[in-house]
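Asker: Read in order, the letters of the sequence shown correspond to residues 46 to 186 in the numbering used here.
Dropping a structure here in structure tokens format, bear with me for questions.
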Amino acid sequence: MPNIKTVLGFDFGSKHIGVAIGYTEPLIAQPLTSLSSSTGEPPWGDIAALLKTWSPDALVVGIPLNMDGTAQAITHAARYFLEALKQRFHLPVFAVDERLTTVEARARLFSLGGYKALQKKAIDSISAQLIVDTWLESHYE
46 MPNIKTVLGF
56 DFGSKHIGVA
66 IGYTEPLIAQ
76 PLTSLSSSTG
86 EPPWGDIAAL
96 LKTWSPDALV
106 VGIPLNMDGT
116 AQAITHAARY
126 FLEALKQRFH
136 LPVFAVDERL
146 TTVEARARLF
156 SLGGYKALQK
166 KAIDSISAQL
176 IVDTWLESHY
186 E
């Protein structure tokens with residue numbers, strides 16, 4: 046494992062991409078934002094700006110799978126996104142199984158503020174935080 050101190054995590058979706066930041070010292074992750082795309086293509090300029098701002102050592106992408114571990118339509122798009130990140134930004138990019146992160150994100154937000162807290166951008170960025178948390182726990186605990 047290369048010397049990784051900061052990771053940027055993505056919860057990929059065809060219209061929205063949740064983003065979170067994570068650190069290995071101390072071991073912590075926090076939601077950042079949700080990026081939108083009306084064209085179906087990831088907002089590469091926005092992603093480049095986030096990378097410039099946060100200077101991550103690695104990237105983490107959640108790969109959505111069915112509960113039985115099989116791929117779904119969005120799985121292939123998320124893998125394409127992961128490969129495109131590698132090619133565009135020349136950073137290590139890691140895949141994380143993201144099953145149930147959206148369910149967990151919704152539960153966390155609901156417990157904090159009820160139905161009013163269940164906003165799409167918040168759900169996406171909390172899901173990205175959970176993806177980063179999962180990666181950090183599997184590599185640094």
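Ideal Cβ positions, reconstructed from N, Cα and C, are used throughout, including at glycine.
Could you check whether the region 78-92 touches the region 105-119, counting it as contact only if at least three pairs of C-beta atoms, one from each stretch, sit closer than 8 Å?
Answerer: These segments do not touch.
Asker: Which of helix, strand or coil does DSSP assign to S82?
Answerer: The answer is coil: DSSP assigns S82 none of H, G, I, E or B.
Asker: In the DSSP output, which residue or residues are listed as bridge partners for P76?
Answerer: According to DSSP, which records beta bridges pairwise, P76 is partnered with A65.
Asker: D142 bridges to which residues according to DSSP?
Answerer: BP columns for D142 point to I108.
Asker: Grouping DSSP H, G and I as helix and E and B as strand, with all else coil, what is D56?
Answerer: Strand, per DSSP.
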